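K.L.:
2 protein chains.
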Amino acid sequence: MQKWLEELLDVLPEKQIMTEAADRFSYSFDASFGEHLPEAVVQVKTTEETVHVMKTANAYGVPVTPRGQSTSLSGGPLPVKGGIVLDMVQWPEKIEVTPDDLIAVVSPSVLTADINKTVEPYGLMYPPDPSSAHVCTIGGNLAENSGGPRGLKYGVTKDYVIGLEVVTPEGEVMKTGGRTIKNVTGFDLTKLIIGSEGTLGVITEAVVKLVPKPPAVQTLMAVFDDVETAGQAISQTLTSGILPSKMEFVDQACLQAVEQYKPIGLPVEAAAVLIIELDGHPEAISIETKEVERIMQELGATDSQIPDTPEEAAEIWQARKLVSPAIATIKPTKVAEDATVPRSQIGPMMGRLRTIKEKYDVDLVVFGHAGDGNLHPDVMCDTRDQEEMERVERAVAEIFEAAIDLGGTLSGEHGIGTMKSAFMEQELGATGVDMMKRIKEAWDPNNILNPGKIFPEQGQTRLVLRDE
Amino acid sequence: MQKWLEELLDVLPEKQIMTEAADRFSYSFDASFGEHLPEAVVQVKTTEETVHVMKTANAYGVPVTPRGQSTSLSGGPLPVKGGIVLDMVQWPEKIEVTPDDLIAVVSPSVLTADINKTVEPYGLMYPPDPSSAHVCTIGGNLAENSGGPRGLKYGVTKDYVIGLEVVTPEGEVMKTGGRTIKNVTGFDLTKLIIGSEGTLGVITEAVVKLVPKPPAVQTLMAVFDDVETAGQAISQTLTSGILPSKMEFVDQACLQAVEQYKPIGLPVEAAAVLIIELDGHPEAISIETKEVERIMQELGATDSQIPDTPEEAAEIWQARKLVSPAIATIKPTKVAEDATVPRSQIGPMMGRLRTIKEKYDVDLVVFGHAGDGNLHPDVMCDTRDQEEMERVERAVAEIFEAAIDLGGTLSGEHGIGTMKSAFMEQELGATGVDMMKRIKEAWDPNNILNPGKIFPEQGQTRLVLRDE
Chain A
1196 MQKWLEELLD
1206 VLPEKQIMTE
1216 AADRFSYSFD
1226 ASFGEHLPEA
1236 VVQVKTTEET
1246 VHVMKTANAY
1256 GVPVTPRGQS
1266 TSLSGGPLPV
1276 KGGIVLDMVQ
1286 WPEKIEVTPD
1296 DLIAVVSPSV
1306 LTADINKTVE
1316 PYGLMYPPDP
1326 SSAHVCTIGG
1336 NLAENSGGPR
1346 GLKYGVTKDY
1356 VIGLEVVTPE
1366 GEVMKTGGRT
1376 IKNVTGFDLT
1386 KLIIGSEGTL
1396 GVITEAVVKL
1406 VPKPPAVQTL
1416 MAVFDDVETA
1426 GQAISQTLTS
1436 GILPSKMEFV
1446 DQACLQAVEQ
1456 YKPIGLPVEA
1466 AAVLIIELDG
1476 HPEAISIETK
1486 EVERIMQELG
1496 ATDSQIPDTP
1506 EEAAEIWQAR
1516 KLVSPAIATI
1526 KPTKVAEDAT
1536 VPRSQIGPMM
1546 GRLRTIKEKY
1556 DVDLVVFGHA
1566 GDGNLHPDVM
1576 CDTRDQEEME
1586 RVERAVAEIF
1596 EAAIDLGGTL
1606 SGEHGIGTMK
1616 SAFMEQELGA
1626 TGVDMMKRIK
1636 EAWDPNNILN
1646 PGKIFPEQGQ
1656 TRLVLRDE
Chain B
1196 MQKWLEELLD
1206 VLPEKQIMTE
1216 AADRFSYSFD
1226 ASFGEHLPEA
1236 VVQVKTTEET
1246 VHVMKTANAY
1256 GVPVTPRGQS
1266 TSLSGGPLPV
1276 KGGIVLDMVQ
1286 WPEKIEVTPD
1296 DLIAVVSPSV
1306 LTADINKTVE
1316 PYGLMYPPDP
1326 SSAHVCTIGG
1336 NLAENSGGPR
1346 GLKYGVTKDY
1356 VIGLEVVTPE
1366 GEVMKTGGRT
1376 IKNVTGFDLT
1386 KLIIGSEGTL
1396 GVITEAVVKL
1406 VPKPPAVQTL
1416 MAVFDDVETA
1426 GQAISQTLTS
1436 GILPSKMEFV
1446 DQACLQAVEQ
1456 YKPIGLPVEA
1466 AAVLIIELDG
1476 HPEAISIETK
1486 EVERIMQELG
1496 ATDSQIPDTP
1506 EEAAEIWQAR
1516 KLVSPAIATI
1526 KPTKVAEDAT
1536 VPRSQIGPMM
1546 GRLRTIKEKY
1556 DVDLVVFGHA
1566 GDGNLHPDVM
1576 CDTRDQEEME
1586 RVERAVAEIF
1596 EAAIDLGGTL
1606 SGEHGIGTMK
1616 SAFMEQELGA
1626 TGVDMMKRIK
1636 EAWDPNNILN
1646 PGKIFPEQGQ
1656 TRLVLRDE
C-alpha cells in the first residue's frame, strides 16, 4: 500500500477510502467527456478529515480532485492527473437558516434545491437556479459559480455567497468573508475561490445570502418567425424599465425536438419562442406583463400567451425544461456549450451559429438564457463517428471564436475545466492567464489541487477531442 | 534629478510631473489621518503613460500610490512610503453607454454621480451611491469597493463591475472580465482587484452594469423611543417580503446635532429614527409603504411620516444628509468608522456602542445603513488633545472588537488602508492574512504598488494614533 494511503488511514475510517477498481471507475467521469481513473476515492465528512487529506496529499505530491454530484459539463471533477478523488457528498447535510440576518449556513453536500425548500417557510429565497438544482450540490455550484435562468434578474452563485470556510491546498483552514452583507476587510477571497473550479481550495462551508421571496410570478410566451426579432424584443424589454426574472430562448430545432419527444402543442413552425417570467408584487407584475406583451407584439411577435394558472404556466415552461432530454434523443452525445455574448449581440451570434451549423453540417441546437446573453449552443453527436467528431471539434472552436469576436466569453456558467482551457489565452491574453497562474502557484506550490484544469497544458489545442 | 524621474520625463510631458514642495504637500493627505509627502506627483492621462510609470517605478523600486479625489476615510491614497502619487484625476473623462447591453464603459477620473446623470436619459441607473458620489471618482470607488445607502437592495460597487482594464504592478496591461453579465472564464480577477485598495493594479477602465431605473420612489420616516425596537423593525420589515432600497438609522446625538446645525423640526427627543426608501412600480410601492408603516407602528414606533411630494421627502432626507456636516461642528476631527454586523446584531451592537461611549467618555454618534448592518459609529475629537486621543484610540479598538465579537467585520465600506490594518489578523486569522499576502507578493514582487496598506507593518498596533 502506498505510504500516503497508509497515512490517510491513520485518521480516516477505512470505509471512507476506496481503492477497488469498480469504485474508482464510478468516480472516473462526469457529465462532460473522458474517463480518468483515480488511484483512490476518499470520502470526507468533516473539516478535520479534509485537512488531513490535504496535508497528506501535499506532503506526498498526490493530486486531489474535489467532487460533488459531478453534473459538471466542463470536466471540473475529472481526476485527469489520477491521485485522489475527494468525494464531498457524504458530508452531513446542514442548512442553518438565520431569517433575521437573511442568511443560511450550508455544508457542501447539500442539494441546491434543498436550500430553497428549507428557506421558503421563512418567506425567503436562494435565487441561483441551475437547471440541475435538484441533483447537484451547492459545493459544486460554489466551485463552478453556477448560473441559471434567474441570473437575469438575480445574478449567479457568487452574488449570494458572503462567507466561506476553505481548506487550502496545503491543508490550512481559512475563513473568508463572514455573516455580514457588506465586508471590505482585505482582498475578496470569497469571490476569488468561487468559480475557481476547485483549484484554489476545498470549500467546507458557505454562508449564503437570501432574499425575500417575491409574492407572485407570471409567465408569458412570445412566438417569433425570425430570430433577430426575438433578440430585439429582449433588448426592448430590458430598456423599458422592466427586469423580468427569466427570459429564455428556444430555437426551432429545440421546439421540434421537444414536440417529437412529448407532443405538447408547441409552435414548431416558429423560428423561436421567448419564455419570460416576471416576479414581484402581484399588481406590479400584472401591469408589467401586459407591457411586455405589448412590446413583443409591437416588434412583430406572431403570437403570445399569458397563462391564467400556475398549471398553464408549468405547461409553457415544459417547452424549455424538456429541451435537454429531448435533444438527447437526437444523438447519444451532447457537447453542451455556454458561450456568452453582450445582450445586443444575441442577433449577430444567432447568425454566426447558423453559419457554423451549415458549414460543418453538425446537429446544432440553440436555447438558453437569452436575457443575459448566455446561450446554450449544443452540438449533438456520436463519439463513435470519428469523422463527425472532427467536424464537431472545428464547429465548437468556431463557436468560441465567434463569441470572443462579438465581445463575449468562452463560458457564461459551465466553467473552463478541461473543455475550454486551450482557448483561455485567446480571451484573456497572456498577462491575464499569467496573473491567474501566479495566484495558483502562490496558493498551491505543489500543484496538487485539481491539477490539469483551467490552464492549458503545454501544446494543448483540442477541445472535444483529446490531444494525442 | 533622480534617474527614475528622468526616465518618466522621456515619455510623460513635463507638466504632468510635479516635484515642488507645495504640489507634493497638496497630495500628502486624504479624508482620514496623517500627512505623508510623496517625492513626486505624476498625472497620467492614458494607459500607455500608466504602463511607463509602473515599469519605471518597478525597475527602480519606487513606491506608487494611485489617487482619485482622495475622499477616502481609511488612508488608501496616502503615500505612506513616499515615492510617486499617481494622480488619476486628469485622465480624460469617458462614459460610453451601450443601452442595449445595459452597460457603460467609464474612465477612472469620472465622478460617480456623473455616471448616473449620463445613463438616466436611457431609463437606466448605476445603483452604487456613496455619500460622496458628487465629489469622488469611480476609480476610487473601484479601488475601495464603495457602498452607500442603496447597498441594502442593490449591493455595492463590486456588484456592478463586469470588466476592467488594469495596469499590473510590473506595468503589463491586463483585461479582466468583459462586456457580458455572466462570465466564468478563469479566476474572477475583476472582483479580486475591486476593493484591493490600489495594491494589486492600477485600474484604467471599467465596464459597469446598469439596471432599469425604478419608475418611482417613496420615503417613510419612523420615530422610536428606544434603539432596540428600531433594530427589530428593520428585521421585521426585511422578513416580511419587502426589500426597501434604503433603510437608514440616525441616533439621538445625530438628530440633536443636525437640529442645532439647521433647525428643521426633527424629533430631538426620540432615541432614533429610521428613514426608509422604497423603489419600484408606483402601485407596488404604495402598497408596500403602507405595509412597512403598519410594521413600524405595530412594533411601537411613536410616530411615522409618509411624505406626499418629492420636496417633502427631500426634507426628511435632510435628517440623514446633514449628519456629517452637523457632527463636524461638535469637534474638529471625525474618526469615521464603518464596523458592520449581521443585521440581527444591530440591537446588541447599539448596546455595545453605548457602553463604549460611556466607558471612554467620548463623543460617539451613530448613524448609517442599518438595513444591511453597516453602522457608522463616528467619534468626534480633537487631535490636539493627546489625552482625549488616547481614549479615542481605546474606544475605536473596542468598537472593532465588538463588531468581530458579534460576527461582524472591521469595515463594511470604507476599507482597511492604514487605519485598521492592525486588526486584520483578529478578523481573518493568520491563514487568511497569509493567503492575501501571497497574492500581493506574486503580483507585486517588489512591493511598489501602494505599499504600507491593508497588511499590518511589523509591530503595528495603533489605530487612530501612529505607532512611534
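In order, the protein sequence lines correspond to chains A and B. Count along the first sequence starting at 1, add 1195, and that's the number in our numbering. Count along the second sequence starting at 1, add 1195, and that's the number in our numbering. We put the CB at the ideal spot given by N, CA and C, even for glycine. Keep in mind the model is a prediction, meaning the values are calculated, not measured.
If lysine 1404 of chain B sits next to isoleucine 1376 of chain B, beta carbons under 8 Å apart, how far is it from one beta carbon to the other, in whole angstroms?
P.N.:
With a Cβ gap of about 7 Å, lysine 1404 of chain B and isoleucine 1376 of chain B count as contacting.
K.L.:
DSSP puts glycine 1566 of chain B in a beta bridge; with which residues?
P.N.:
Note: glycine 1566 of chain B sits in no beta bridge, so no partner.
K.L.:
Over what stretch of residues does the beta strand (DSSP E) that includes leucine 1337 of chain B continue unbroken?
P.N.:
No beta strand (DSSP E) holds leucine 1337 of chain B; the alpha helix (DSSP H) holding it covers 1333 to 1339.
K.L.:
Could you name the residues of the stretch 1544 to 1555 of chain B whose beta carbon sits closer than 8 Å to any beta carbon of chain A, in the order they occur along the chain?
P.N.:
Under the 8 Å Cβ criterion, the stretch 1544 to 1555 of chain B contributes no residue.
K.L.:
What does leucine 1297 of chain A touch in chain B if you count any residue whose Cβ is under 8 Å from its own?
P.N.:
Near leucine 1297 of chain A (Cβ distances below 8 Å), the residues of chain B are Leu1433, Thr1434 and Arg1538.
K.L.:
Could you tell me if proline 1233 of chain B is buried or exposed, where buried requires 16 or more neighbouring beta carbons within 10 angstroms of its beta carbon?
P.N.:
That one is buried.
K.L.:
Do you know how far the Cα of proline 1274 of chain B is from the Cα of leucine 1666 of chain B?
P.N.:
One cannot answer for residue 1666 of chain B here, as it falls past the ends of chain B, which runs 1196 to 1663.
K.L.:
Quick one: what's got a C-beta closer than 7 Å to leucine 1281 of chain A's C-beta in the same chain, skipping five residues either side?
P.N.:
Taken in chain order, the residues that qualify are Val1237, Val1239, Val1248, Val1259, Thr1260, Pro1261, Arg1262 and Val1397.
K.L.:
Using a threshold of 9 Å, state whether the C-beta atoms of proline 1322 of chain B and glycine 1350 of chain B are closer than that.
P.N.:
Yes, Cβ-Cβ distance for proline 1322 of chain B and glycine 1350 of chain B is below 9 Å.
K.L.:
When you compare the CB of alanine 1479 of chain A with every CB in chain B, is at least one pair closer than 9 Å?
P.N.:
By this cut-off, alanine 1479 of chain A is an interface position.
K.L.:
So which residues on chain A does proline 1294 of chain B lean against when the C-beta distance must stay under 7 Å?
P.N.:
Thr1434, listed in chain order.
K.L.:
Whose C-beta lies closer than 6 Å to the C-beta of lysine 1289 of chain A among residues of the same chain, with five residues either side of it excluded?
P.N.:
Answer for lysine 1289 of chain A: Ser1302, listed in chain order.
K.L.:
Is there at least one Cβ from chain B nearer than 9 Å to glycine 1335 of chain A's Cβ?
P.N.:
No, glycine 1335 of chain A does not count as interfacial toward chain B.
K.L.:
Comparing C-alpha positions only, which one of A:Thr1245, A:Ile1298, A:Met1584 and A:Ala1417 sits nearest to arginine 1374 of chain A?
P.N.:
Per the Cα distances, A:Ile1298.
K.L.:
May I ask which residues mark the beginning and end of the beta strand (DSSP E) holding alanine 1441 of chain A?
P.N.:
Here the sequence assigns lysine to residue 1441 of chain A, which means alanine is not the residue at that position. Here the beta strand (DSSP E) through lysine 1441 of chain A covers 1441 to 1446.
K.L.:
Could you list which residues in chain A have their beta carbon closer than 7 Å to that of valine 1403 of chain B, in chain order?
P.N.:
The premise fails here: valine 1403 of chain B is roughly 13 Å from chain A at the closest Cβ pair, so nothing lies under 7 Å.
K.L.:
Name, going along the chain, the residues of the stretch 1351 to 1369 of chain B whose beta-carbon falls closer than 8 Å to a beta-carbon of chain A.
P.N.:
Under the 8 Å Cβ criterion, the stretch 1351 to 1369 of chain B contributes Val1351, Lys1353, Asp1354, Thr1363, Glu1367, Val1368 and Met1369.
K.L.:
Which residues of chain B have a Cβ atom closer than 8 Å to the Cβ of isoleucine 1290 of chain A, listed in chain order?
P.N.:
Residues of chain B passing the Cβ test: none, with the nearest at roughly 17 Å.
K.L.:
Given that a residue counts as buried once 16 or more other Cβ atoms are within 10 Å of its Cβ, and exposed if not, what is lysine 1485 of chain A?
P.N.:
Burial call: exposed.
K.L.:
Proline 1666 of chain B: buried (16+ other C-beta within 10 angstroms of its C-beta) or exposed?
P.N.:
No statement about residue 1666 of chain B is possible, as the shown extent of chain B runs from 1196 to 1663 and does not include it.
K.L.:
What residue from A:Arg1633, A:Val1292 and A:Ala1226 has the CA that sits closest to valine 1402 of chain A's CA?
P.N.:
Here the closest residue by C-alpha is A:Val1292.
K.L.:
Give the secondary structure of valine 1659 of chain B by DSSP, where H, G and I count as helix, E and B as strand, and everything else as coil.
P.N.:
In this structure, valine 1659 of chain B counts as coil in the three-state DSSP scheme.
K.L.:
Could you give the DSSP three-state label for aspartate 1309 of chain A: helix, strand or coil?
P.N.:
It is helical.
K.L.:
Run down chain A in chain order and give the residues with a C-beta less than 9 Å from the C-beta of alanine 1565 of chain B.
P.N.:
Residues of chain A passing the Cβ test: none, with the nearest at roughly 12 Å.
K.L.:
Quick check on alanine 1625 of chain A: buried or exposed, where buried means 16 or more other Cβ atoms within 10 Å of its Cβ?
P.N.:
Alanine 1625 of chain A should be labelled exposed.
K.L.:
Put threonine 1214 of chain B into one of helix, strand or coil per three-state DSSP.
P.N.:
Of the three classes helix, strand and coil, the one that applies to threonine 1214 of chain B here is coil, per DSSP.
K.L.:
How would you label isoleucine 1551 of chain B, buried or exposed, when you count the other beta carbons within 10 angstroms and need 16 or more for buried?
P.N.:
Burial call: buried.
K.L.:
Name the chain A residues whose beta carbon is nearer than 9 Å to that of asparagine 1641 of chain B?
P.N.:
Those do not exist, as asparagine 1641 of chain B stays about 14 Å from chain A at its closest Cβ, beyond 9 Å.
K.L.:
Just checking my contact of isoleucine 1522 of chain A with valine 1560 of chain A at CB under 8 Å: how many whole Å lie between their CB atoms?
P.N.:
Indeed, because the Cβ distance is near 5 Å, the residues count as touching under 8 Å.
K.L.:
By how many angstroms is the C-alpha of phenylalanine 1595 of chain B removed from the C-alpha of glycine 1568 of chain B?
P.N.:
Taking the straight line from one Cα to the other gives about 14 Å.
K.L.:
Inspect the beta-carbon positions of aspartate 1225 of chain B and threonine 1266 of chain B and report whether they are closer than 9 Å.
P.N.:
Yes; because the gap between Cβ atoms is below 9 Å, this pair is in contact.
K.L.:
Hey, does aspartate 1629 of chain A have any beta-carbon neighbour from chain B nearer than 9 Å?
P.N.:
Judged by the 9 Å Cβ criterion, aspartate 1629 of chain A is in contact with chain B.
K.L.:
Of all the beta strand (DSSP E) runs that stay within the bounds of the stretch 1466 to 1530 of chain A, which reach a length of 3 or more residues?
P.N.:
Listed in chain order, the complete beta strand (DSSP E) runs (minimum 3 residues) inside the stretch 1466 to 1530 of chain A are 1467 to 1475 and 1498 to 1500.
K.L.:
State the Cα-Cα distance for the pair glutamate 1663 of chain B and glycine 1654 of chain B, rounded to the nearest angstrom.
P.N.:
Bear in mind that the predicted position of glutamate 1663 of chain B carries a pLDDT of just 42, short of 50, making it unreliable; the figure below should be weighed with that in mind. Between glutamate 1663 of chain B and glycine 1654 of chain B, the C-alpha separation is close to 11 Å.
K.L.:
Have a look at A:Asn1340, A:Ala1617, A:Thr1352 and A:Asp1421 and flag the residue whose alpha-carbon is nearest the alpha-carbon of glutamate 1392 of chain A.
P.N.:
Of the candidates A:Asn1340, A:Ala1617, A:Thr1352 and A:Asp1421, the one whose C-alpha sits nearest the C-alpha of glutamate 1392 of chain A is A:Asn1340.
K.L.:
With a threshold of 9 Å between beta-carbons, can arginine 1262 of chain B be considered close to chain A, or not?
P.N.:
False, the Cβ-Cβ gap to chain A never drops below 9 Å.
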